[in-house]
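To start, the structure itself, in structure tokens.
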Amino acid sequence: MQDSYRLIDSDAHVIEPADMFEKYLEPKFRSPLPVAWSEYSGEPLAFRFKLIIPGTGGAEYSMPFGRDPLNEERRARFGGLTFDLGEPLALPGHEQAYLDFARKGFAPETYSQAMERTGIDYMVVYPTIGLLSTAVPDLAADTAAAYRRAYNNWLHDFCSEAGGRVFGAASVDLRDAEEAAREARRCVHQFGFKAVHINPVPVGNHRLYDSFYEPLWNTLEELDVPLAIHTGTGTAADDMLYHYLPGLRTAQTTVAFTIGNMLACTALIMGGVLERHPKLRVVHLESGAGWVPFWLDRLAASVQGGFRGLEIPGLRLSPVEYFQRQCYISADQDDPGIKQVIDVLGDDNIVTATDFAHPEGRRYVSAVKELLELPVSAESKRKIMWDNALKLYPIRPELS
14 MQDSYRLIDS
24 DAHVIEPADM
34 FEKYLEPKFR
44 SPLPVAWSEY
54 SGEPLAFRFK
64 LIIPGTGGAE
74 YSMPFGRDPL
84 NEERRARFGG
94 LTFDLGEPLA
104 LPGHEQAYLD
114 FARKGFAPET
124 YSQAMERTGI
134 DYMVVYPTIG
144 LLSTAVPDLA
154 ADTAAAYRRA
164 YNNWLHDFCS
174 EAGGRVFGAA
184 SVDLRDAEEA
194 AREARRCVHQ
204 FGFKAVHINP
214 VPVGNHRLYD
224 SFYEPLWNTL
234 EELDVPLAIH
244 TGTGTAADDM
254 LYHYLPGLRT
264 AQTTVAFTIG
274 NMLACTALIM
284 GGVLERHPKL
294 RVVHLESGAG
304 WVPFWLDRLA
314 ASVQGGFRGL
324 EIPGLRLSPV
334 EYFQRQCYIS
344 ADQDDPGIKQ
354 VIDVLGDDNI
364 VTATDFAHPE
374 GRRYVSAVKE
384 LLELPVSAES
394 KRKIMWDNAL
404 KLYPIRPELS
């Protein structure tokens, strides 16, 4: 709490350790054992990650190189499949405490320490490598689900050591909707997780609006936890990016995070998911806020007789009304899109996040200050920092 304002960080991250699968993956799925880790190492400190997922027929899916045709030279330069993002952490704006947290691998105790020194009251945490492994193609559904169970079990132990104000978001795989629903229920009931995360990248023949996923949406309504959309890059959906932006790794990431959320938003609204499930809450994470007014306008124009005059059977509300009723957008503290969202939708659908534990998260220390400097009303600030997140996530401050 700071200056009578309270803050919920709606999208922080954890750094999965190299031995997570070795310790938490069920024995049946350990041969071959996947390689998945992210870390801060070196001097100057830099963020690195590695992912090798065994595929069918002895194949391997590796990241972060994905399938960009210009990455062969990078493989040789960086040696094998370990990739250095190239941005050393020790840049202007990286205060010493964040460097210390990083050197500790963002261990559980660093989260409570960070919150104490900045005025952040609660954090909801999402995966790092898990953003990618949920989108690996040609992975058997039972294996993919086992990877998510291992992560969720590890995350429960992590949150248990983090001081009581760090809440997990269950991560589920989309290859088996019934299993995803079971895992969501397990994580909410047994672990007290506050959201269910998906990477919306298609990994099979089904799409978010297909009846195949009805068991998952029904379960989320029953559990009263939100669906959290957090995509990544380097996945099976990135052929377009590799074609348009070969070799531009940072640009690929920027585009993928935003377009991934735009596509998911389109599927959930135009595909009738929100119409069929009026109690389902959805939050779009780490994609900026500015796309929301623009994209909802484009969707509305198509439905209301714009260029094509589309009529979508079964949709009784406009795209804007569905978003206002059920969706939230997460915004950085200085996101210029915040004002645009308020002008179009009002101030009830915005939450804020620091991206803590990722390189961009170094600004966590100034989050409250920057939010208080927003050119919006005091009431809007309070909603963005606190009230809206309490509507989104089933966090009960009086019980924490």
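For the sequence shown, the numbering used here begins at 14 and goes up steadily by one.
Cβ atoms here follow ideal geometry from the backbone N, Cα and C, with glycine treated the same way.
What residue does the beta strand (DSSP E) around Leu240 start on, and which one ends it? 240-242
How many angstroms separate the CA atom of Lys404 from the CA atom of Pro372? 28 angstroms
Between the Cα of Glu56 and those of Ala31, Trp50, Asp113, spot the shortest distance and give me the residue it belongs to. The candidate whose alpha carbon is nearest that of Glu56 is Asp113.
Roughly how many angstroms lie between the CA atoms of Glu129 and Ala25, to the nearest whole one? 15 angstroms
Return the chain-ordered list of same chain residues with a C-beta closer than 6 angstroms to the C-beta of Arg90, the five sequence neighbours on each side being excluded. The predicted position of Arg90 is uncertain, since its pLDDT is 36 and thus under 50; a value taken from the coordinates is nonetheless stated next. Within the same chain, Arg90 has no close Cβ partners at all.
With respect to 8 angstroms, is the separation between the Cβ of Ser184 and the closest non-hydrogen atom of the ligand FMN below this value? Although the ligand FMN was asked about, the structure shown includes no ligands whatsoever.
Could you tell me whether the segment 254-263 touches the segment 193-208, using the rule of 3 or more Cβ pairs below 8 angstroms? no
Which one of Lys394, Glu52, His243 has the shortest CA to CA distance from Ala359? Looking at the sequence shown, residue 359 is not Ala but Gly. It is Lys394 whose Cα lies nearest to the Cα of Gly359.
Quick one: using the 10 Å Cβ neighbour count with 16 as the cut-off for buried, is Phe96 buried or exposed? With a pLDDT of only 37 at Phe96, under 50, the local geometry of the prediction cannot be trusted, and no value is derived from it.
Beta carbon proximity, Lys352 to chain D, threshold 9 angstroms: No chain D is part of this structure, which consists of one protein chain only.
I'd like to check one pair, Asn231 with Phe204: are the Cβ atoms closer than 9 angstroms? no
Between the beta-carbon of Val295 and the beta-carbon of Leu240, is there less than 9 angstroms? Contact: yes.
Could you give the DSSP three-state label for Phe180: helix, strand or coil? The answer is strand: DSSP assigns Phe180 an E or B state.
Looking at the structure shown, is Tyr341 part of a helix, part of a strand, or coil, going by DSSP? strand
Cβ of Met136 within 9 angstroms of Cβ of Asp32? no
Please classify Gln346 as buried or exposed, where buried requires at least 16 neighbouring CB atoms within 10 angstroms. buried
Does the segment 364-383 touch the segment 114-134, meaning 3 or more C-beta pairs lie closer than 8 angstroms? yes
Just to confirm, is the Cβ distance from Glu29 to Thr141 under 9 angstroms? yes
Kindly indicate which residue of Phe206, Phe180, Leu168, Ala159 has the alpha-carbon position closest to the one of Asp186. Ala159
Report yes if the C-beta distance between Phe336 and Ile282 is below 9 angstroms; otherwise report no. yes
Determine the extent of the alpha helix (DSSP H) in which Val295 is found, giving its start and end residues. Premise fails: Val295 lies in the beta strand (DSSP E), 295-297, not in any alpha helix (DSSP H).
CA nearest to the CA of Asn218, picked from Ala193, Glu235, Arg188: Minimum Cα distance to Asn218 is reached at Arg188.
Which ranges does the beta strand (DSSP E) cover as unbroken runs of at least 3 residues, wholly within the segment 93-173, from first to last along the chain? Complete beta strand (DSSP E) runs here, min 3: 96-101, 135-139.
Segment limits, alpha helix (DSSP H) that includes Ser315: Ser315 -> alpha helix (DSSP H) spans 304-316.
Pro30 in three-state terms, based on DSSP: coil
Strictly by DSSP, which residues pair up with Leu37? Note on residue identity: the sequence assigns Tyr, not Leu, to residue 37. Bridge partners of Tyr37: none, in fact.
Are the beta-carbon atoms of Tyr481 and Trp167 separated by less than 9 angstroms? Absent from the structure is residue 481, since the part of the chain shown begins at 14 and ends at 413.
Can you pull the DSSP bridge partners for Asp22? Met136
Close Cβ partners of Ala110 (< 8 angstroms) along its chain, the five nearest in sequence each way excluded: Gln126, Ala127, Arg130, Val378
C-alpha gap between Met275 and His290, whole angstroms: 19 angstroms
With respect to the beta strand (DSSP E) encompassing Thr367, which residues constitute its N-terminal and C-terminal limits? No beta strand (DSSP E) contains Thr367, which DSSP labels as neither H nor E.
Gly79, buried or exposed, once every other Cβ within 10 Å from all chains shown has been counted against 16: Summary for Gly79: the model assigns pLDDT 45, below 50, so the residue's position carries little reliability, and this model does not support an answer.
Please tell me whether Ser390 and Thr365 are closer than 9 angstroms, where the distance is taken between their beta carbons. no
DSSP three-state label for Arg80, please. A caution first: Arg80 carries a pLDDT of 43, below 50, which makes its placement in the model unreliable, though a value can still be read off. Correct three-state label for Arg80: coil.
Backbone CA spacing between Leu64 and Pro45 [nearest angstrom]: C-alpha separation (whole angstroms): 13 angstroms.
Nearest neighbour of Leu298, chosen from Arg311, Phe270, Ala314 [CA to CA]: Phe270
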